[in-house]
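Protein chains: 8
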Amino acid sequence: IRQGFPEVVYCEGKTVEQIITIIEQLNQRTDSNILATRMIPQVAEKVLAKIPQAEYHELARMMVIQKGKQKRVGNVLVMSAGTSDLPVAEEAALTAEAMGSRVERLYDVGVAGIHRLLLNHKQLFAARVIVVVAGMEGALASVVGGLVDKPVIAVPTSVGYGASFKGLAALLTMLNSCASGVAVVNIDNGFGAGYTAALINRIGEKEE
Amino acid sequence: IRQGFPEVVYCEGKTVEQIITIIEQLNQRTDSNILATRMIPQVAEKVLAKIPQAEYHELARMMVIQKGKQKRVGNVLVMSAGTSDLPVAEEAALTAEAMGSRVERLYDVGVAGIHRLLLNHKQLFAARVIVVVAGMEGALASVVGGLVDKPVIAVPTSVGYGASFKGLAALLTMLNSCASGVAVVNIDNGFGAGYTAALINRIGEKEE
Amino acid sequence: IRQGFPEVVYCEGKTVEQIITIIEQLNQRTDSNILATRMIPQVAEKVLAKIPQAEYHELARMMVIQKGKQKRVGNVLVMSAGTSDLPVAEEAALTAEAMGSRVERLYDVGVAGIHRLLLNHKQLFAARVIVVVAGMEGALASVVGGLVDKPVIAVPTSVGYGASFKGLAALLTMLNSCASGVAVVNIDNGFGAGYTAALINRIGEKEE
Amino acid sequence: IRQGFPEVVYCEGKTVEQIITIIEQLNQRTDSNILATRMIPQVAEKVLAKIPQAEYHELARMMVIQKGKQKRVGNVLVMSAGTSDLPVAEEAALTAEAMGSRVERLYDVGVAGIHRLLLNHKQLFAARVIVVVAGMEGALASVVGGLVDKPVIAVPTSVGYGASFKGLAALLTMLNSCASGVAVVNIDNGFGAGYTAALINRIGEKEE
Amino acid sequence: IRQGFPEVVYCEGKTVEQIITIIEQLNQRTDSNILATRMIPQVAEKVLAKIPQAEYHELARMMVIQKGKQKRVGNVLVMSAGTSDLPVAEEAALTAEAMGSRVERLYDVGVAGIHRLLLNHKQLFAARVIVVVAGMEGALASVVGGLVDKPVIAVPTSVGYGASFKGLAALLTMLNSCASGVAVVNIDNGFGAGYTAALINRIGEKEE
Amino acid sequence: IRQGFPEVVYCEGKTVEQIITIIEQLNQRTDSNILATRMIPQVAEKVLAKIPQAEYHELARMMVIQKGKQKRVGNVLVMSAGTSDLPVAEEAALTAEAMGSRVERLYDVGVAGIHRLLLNHKQLFAARVIVVVAGMEGALASVVGGLVDKPVIAVPTSVGYGASFKGLAALLTMLNSCASGVAVVNIDNGFGAGYTAALINRIGEKEE
Amino acid sequence: IRQGFPEVVYCEGKTVEQIITIIEQLNQRTDSNILATRMIPQVAEKVLAKIPQAEYHELARMMVIQKGKQKRVGNVLVMSAGTSDLPVAEEAALTAEAMGSRVERLYDVGVAGIHRLLLNHKQLFAARVIVVVAGMEGALASVVGGLVDKPVIAVPTSVGYGASFKGLAALLTMLNSCASGVAVVNIDNGFGAGYTAALINRIGEKEE
Amino acid sequence: IRQGFPEVVYCEGKTVEQIITIIEQLNQRTDSNILATRMIPQVAEKVLAKIPQAEYHELARMMVIQKGKQKRVGNVLVMSAGTSDLPVAEEAALTAEAMGSRVERLYDVGVAGIHRLLLNHKQLFAARVIVVVAGMEGALASVVGGLVDKPVIAVPTSVGYGASFKGLAALLTMLNSCASGVAVVNIDNGFGAGYTAALINRIGEKEE
Ligand SMILES: Nc1ncnc2c1ncn2[C@@H]1O[C@H](COP(=O)(O)O)[C@@H](O)[C@H]1O
Ligand SMILES: Nc1ncnc2c1ncn2[C@@H]1O[C@H](COP(=O)(O)O)[C@@H](O)[C@H]1O
Ligand SMILES: Nc1ncnc2c1ncn2[C@@H]1O[C@H](COP(=O)(O)O)[C@@H](O)[C@H]1O
Ligand SMILES: Nc1ncnc2c1ncn2[C@@H]1O[C@H](COP(=O)(O)O)[C@@H](O)[C@H]1O
Ligand SMILES: [Mg+2]
Ligand SMILES: [Mg+2]
Ligand SMILES: [Mg+2]
Ligand SMILES: [Mg+2]
Ligand SMILES: [Mg+2]
Ligand SMILES: [Mg+2]
Ligand SMILES: [Mg+2]
Ligand SMILES: [Mg+2]
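Protein chains in written order, with our numbering: chain R, 223 to 430; chain B, 223 to 430; chain L, 223 to 430; chain X, 223 to 430; chain W, 223 to 430; chain P, 223 to 430; chain S, 223 to 430; chain V, 223 to 430.
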């Protein structure tokens, strides 16, 4: 009933056999794109041997099976604070793309070097919706939320140590953002952020 | 620089004098709507004595000063699980309205009586974006997120006792939602949810 | 002194030798069924070499030594939200069976796809007591509790990541259930849920 | 659709007017018993002025409106560890009674004086299901669970100070009970425990 | 033994009589300045009646008894994110002043409006040490820490609600700052921040 | 200066070389007994090769180097709830012995089988001080504390899973004990409990 | 059965009538001393009107009814870090005295002024057992534990603010003490510390 | 723009290739010193093969590339409580040195043996700023802060077990220090402490 939406497989906690079986069955049964998240390289190899048209994105630990040509529309901006946040940021970006969104990336613009962020304000103002991925103290979401009048989907990451408590610090930061228009997803949930951003981005298309 | 957006005053932690002064100054300086959140009745009375055209919404502890006529567009649905969640739900609804969104309300549809929720599925499918307000275990967000292909903004409330830990239980529930497309704001932050929903709702208009 | 009850061995934190010795001794000393929970396959192999009539259930990490034929009575329904919850759900089901309960299984009926759950309402209404196993946000317990007038034993699982905090989110959800008649056991404690459900199920028999 | 079940009103967070209106309407509309929990004396007085046949139980902060004569059946035992746990214990007992269960009470049998508990073992063995109410360290649930082969519904209370963290200590104790057959409800949730115990107790009747 | 340092009285948890006695005795015994923190107006009035040369700062809930003329040297900058953080910021500023530091104030420069902060960069670069006071998500400390090469003393405040958990969110943010050179004091501990900043500021003087 | 006291080495976080060096030096320098806690077998082997008179206790992960003959006096009782608590219980017992205390052991007397505990009441009443070691819900400390008029040193262990939170549940239970005369040491700190019990036990000797 | 031990009434959560009744009955029934803890002045007044020989200690919120003359023996030292810790320290001291211990007091010797503590080392070395009462960071217990070879009973207090989390910080400090021989009771539990210390102190007498 | 400051690479979460590339590029591009923190020996070996003038400090898991001769000025004292805290203490000391500070070290002076600390008071009084590194209960920071009138930068470490909660206990201790002039950095953040101390130390130079 959800036309145009990808089928999604969450690989964590499933055996290699289960994953392969599920993906093969989906691949035959549906014309939708297929996303498989949290897939480790060893599993990806085995799936690729069976479904060569699949694309595996190692950094994002994600597999995408694109069905036919897809026109990507609108404008989702995915930002990250640091290099270690990239896997989560890419999970968000690839998810939004698989759902038909045009995605821009703006990485490594953490608040410790605020000038780099400000230099890129054009990208911020051009976006319809922004995904902000940040670990440690997660302050980037507040700064971006204060700069733009777009919905911001904030993703805390588990990057950090000690009192970061595996992402809890960044999560609390983002939930308490003093800027309006910021909503938050689970720690490391790049998929959920990309999915929500794509749903929001589609609103700008549907009305045409 | 943010045309069409309301001016917002957060009253908690400000003295009566401070609040009155800020609102009077804003009222003279701007043509935007003015929102004042977390305003107690005693303060509202004093402000109304000076600015009679202001409207005070006691349940939502919120004051709205509407400047000129406003066309409300789009479709934001605000849902609540229980009666005690109404103050937060109304804060969300009034905020979205003050930002120019047409808002529908669907209250008291908690998951303990799932049939009442399902009977109202038309309202769910008609909305562009949905705000779900729930306390205690906050399960409503997951059920709604599973039913629709719209962005869902989930607001945990501090309603509950014991192991609800003042909203923490509902917050964690919503962050871990097994349904895709759910993003979360702070506990009791009806304002933030309404604001974000209105930003999302506007996307459907801007493109016209 | 507890006739008809199985002897139970909790294997975690015991050495292979300790486990084998305990089970062999129990096996000779008693006519009761023997349950061994949290048993890894390597240990199971060694026990099976000595006690061939034992049955090892790998998914549930559980061994059952059935003494004589057993009539299973009553009606315990074990439900699970997702595939990753199966080990815990099976631990519950096998425990209840070893205690003489007839057990039905209804798996993969999480609230993100509420229709699948509602399609199976007959099974829910037929049960005397229901065990609900769910991780992530654990909302299934509330929905089931709202649908039926039976005692519901809810088992949070550690399935999830980030703000699931290893099952804490699901635990809090279940403790705060807005539906009446829901009681909760420890995270991942399928054994405890199956045991309690079997105790409850027996009440319907004893009176005859 | 739930015949024989009471209608329940949770008074916390509702205004006096709301409570009176809801109870009066229920009283006219239904033949079921009506329970109102967490009702303070000031409110009770006003309701009693309008509905004189209502009974208010101050210790349990609970009102019961009994419709017609009710036969109480089965055997629910409600136990408490200390005097300060009585409000919660009584909430449990009155709830179970309003649902048609015969209820025995065994109060002030905390584990610091284990002999008093053991002297009363007959009451324990006679019960079909036992509700154990305890604050501070909540150890009573484990001791009772070890003595009997009945389902035990454990209710942690917020009685205590310092590291009791408003009932969290007792809650964790009960969830980790080393005795089998213990399931837990929310802190101070006497109502939920009494309700669940009554559902379990009914199973012994239904089959006759 | 600590010449030039003020005597400090922490009033919370002391009776009015105790406070007055302590301050009067100190006032006679010492030539140092006297600071009394967390003093409520009712107490201040009584002290002022006895020691008229004392100065009471209501916003900071602080009393200062200045002995002789004091030359204030160096450059401590105290910044705050929001209006509700002012009591803590003033506690820091007045403490540093009482210890002989020249203090500049830069208030209401939260990251939701980053431009206001950047417009004031001159004040930031002129300071020897900076105190940053912020509640809610406390992101200001990271942004300031990224802009300057001075030690930053960050003070989380308990301003906020819900998942701010009374200052915990801001505290974690500041401890995880991705900018180097940021050290943190207890929630709402303006006194400790001002004291530490003054100790640091003195280092620039002592060497002359 | 602390005659008669053992020298203690805590091995966790030290390299094999460091441990050997420290123990060899102590062994030459002192006539006191030497205790080494948290020592893994691989390290023990190497130390034993150099100091053959050392005794390694694998279960307790502890090495004892006894100097000369030692008269053990008084009466310390070490109790444990379950089999998995034995390493910690033995750490306590061996520590107290190395400090000159006569130690009795009473293991596997958890509250789920209260009769076994009561059958051994003589041992309880004979002791001067009792160490109670328990994991999961840790209720044994309260029951023992209620039975005797001796100081009880309670040691929570990390045995358990889920909501035991690595010993936190047992720790809170013991801190909130409704029995008087119970004091608590850190999770898994058998050493600290044995040490404190021996200090207490000595008091009964010194006066003679 | 516990000769020579006081009867204890914990007043928190009991009504004035309940407290008076319990104390009057105990007073007639027993020859033991009677302790009532956590008693507020209003209640004390009413009890004193009925039982004039009772002594009320306002600072400790405690009432003592001494039966006959009592010889106090041994040597319990009660120490406190700050002035705000006095109510808890006095609760400990009075409890130990009512149990027949001779008690010395050494107050206001917090670690921020370590010299004052060291100047009093004679009192430390003379004691048989030491109670250390401290709030905020609770470091005093470690320093004392390092100085002496006596059992130390540490009592964290809820004195502090912000990240003291109502005594949690001091509690954790004391549990993790790097000095041996330190055992801990609940936050603010002066009664429990005094009781345990008196039990320990008695060991030095019993043997004579 | 930050002349004289080292370039810093945080190695955790980066691949070997990424680290080598970044360091090689920095090495060519800049005349500043280069610091690489959290570098494991395997990576260090590979970098040393390419950049032989680099120095690797295994204990601190840190690499320093010193450019030209450096005059070290001022006086930073780095103290540690125990041997297991050395990696963090050395990270602090090496960082401060790479930033041009003269550093003294005073290790193994934990509060359980306060005399050793007091014997070294001269080093404490000679320092401009002190870094205190301590795990377990972290009490050293308070004692040092009470002895000196210098800024103290406190670093909690994750050394400990059980209720140390991976450094949380020490962190809370330090935040609640009853001594003035103590500011805190993240758990195990030796780098941040050394960096901040060096910034403070520089203030004493700049003025000359
Ligand atoms: N109820 C609320 N919860 C969270 N943030 C709010 C709320 N009401 C207003 N705000 C935010 O607070 C800002 C105004 O704060 P202030 O300048 O302190 O009055 C607004 O721009 C909003 O971003
Ligand atoms: N998976 C489980 N989770 C919790 N408790 C269990 C589990 N399996 C067994 N038990 C309990 O552990 C007891 C056996 O423990 P043990 O004597 O250590 O083997 C049984 O009587 C049960 O009460
Ligand atoms: N301040 C206190 N903190 C903890 N436990 C206490 C305290 N005062 C009394 N108790 C305990 O409470 C018991 C009396 O409780 P109750 O029967 O409710 O008055 C005594 O036997 C003590 O064990
Ligand atoms: N051990 C450490 N702990 C915290 N922050 C660090 C550490 N080492 C380096 N940093 C910070 O991390 C930045 C470099 O991060 P990156 O660009 O990811 O290598 C530096 O500028 C420092 O501010
Ligand atoms: Mg914005
Ligand atoms: Mg959806
Ligand atoms: Mg139900
Ligand atoms: Mg049982
Ligand atoms: Mg900086
Ligand atoms: Mg006792
Ligand atoms: Mg000692
Ligand atoms: Mg100092």
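For glycine and all other residues, C-beta sits at the position ideal for the given N, C-alpha and C.
By the Cβ test, the segment 410-426 of chain B is in contact with the segment 316-331 of chain B, since at least three Cβ pairs between them sit closer than 8 Å. Within the segment 296-384 of chain P, the runs of alpha helix (DSSP H) that reach at least 4 residues and sit entirely inside it are, in chain order, 308-320, 336-341, 343-348 and 362-369. Going by beta carbons, ASN398 (chain X) and GLY384 (chain B) fall outside the 9 Å limit. As computed with DSSP, VAL231 (chain S) is found in a beta bridge with S:ALA258.
Closest by C-alpha distance to GLY332 (chain B), out of B:PRO378, B:GLY235, B:VAL231 and B:LYS289, is B:PRO378. Chain order gives the chain V residues near MET358 (chain S) as ASN398, SER399 and CYS400, where near means a beta carbon separation below 8 Å. The beta carbon of THR395 (chain P) is closer than 8 Å to those of GLU359, GLY360, ALA361, ALA363, SER364 and PRO378 in its chain, skipping five residues each way along the sequence. Between SER254 (chain B) and the set B:VAL353, B:ILE287 and B:SER306, the nearest pair of CA atoms involves B:ILE287.
Closer than 8 Å at the C-beta level to chain S, one finds these residues of the segment 322-352 of chain P: ARG350 and VAL351. Only residues of its own chain outside the window of five on either side were considered, and among them LEU346 have a CB closer than 6 Å to the CB of VAL370 (chain R), listed in chain order. Any Cβ of chain P closer than 9 Å to the Cβ of SER302 (chain X) would place that residue at the interface, and such an atom is absent. Scanning its chain for C-beta atoms nearer than 7 Å, with the 5 sequence neighbours on each side dropped, one finds around PRO228 (chain S) the residues SER254, ASN255, ILE256, LEU257, ALA320 and MET321, in chain order.
Shown here, GLU267 (chain P) sits in a helix according to DSSP, grouped into three states. Under the 10 Å beta carbon count, ARG283 (chain X) is surrounded by 16 or more other beta carbons and is classified as buried.
If you draw a 10 Å sphere on the C-beta of ILE262 (chain R), you find fewer than 16 other C-beta atoms in it, and that means exposed. Between PHE227 (chain P) and chain X, the shortest Cβ-Cβ separation is not below 9 Å. The bridge partners DSSP lists for MET284 (chain S) are S:HIS279.
DSSP lists P:VAL406 and S:ALA376 as the beta-bridge partner residues of VAL406 (chain S). Taking a 10 Å sphere around the C-beta of ALA271 (chain R), we find fewer than 16 other C-beta atoms and assign the residue as exposed. The C-beta distance from PRO373 (chain R) to GLY335 (chain R) rounds to 25 Å, too long to meet the 8 Å contact threshold.
As the crow flies, the alpha-carbon of VAL298 (chain P) is around 47 Å from that of ALA318 (chain X). Assigned with DSSP and collapsed to three states, THR237 (chain V) falls in coil, not helix or strand.
When the beta-carbon positions are compared, THR252 (chain R) and LYS289 (chain R) come within less than 9 Å of each other. Against SER306 (chain P), the close residues of chain L are TYR232, GLU234, GLY235 and LYS236, in the order they occur along the chain (beta-carbon pairs closer than 9 Å). With contacts defined by Cβ atoms closer than 9 Å, VAL366 (chain S) and ALA415 (chain S) do not form a contacting pair. Set against 8 Å, the gap from the CB of SER254 (chain L) to the closest heavy atom of ligand 8 is not smaller. PRO309 (chain R) is outside the set of residues whose beta carbon lies under 9 Å from a beta carbon in chain L. Contact between VAL381 (chain W) and SER306 (chain W) is confirmed by a C-beta separation of about 4 Å, below the 8 Å threshold. Across the set L:PHE387, L:GLN250 and L:VAL355, the C-alpha of L:GLN250 shows the shortest separation from the C-alpha of ILE273 (chain L). The criterion of a C-beta distance shorter than 9 Å is satisfied by GLY357 (chain W) and GLY389 (chain W).
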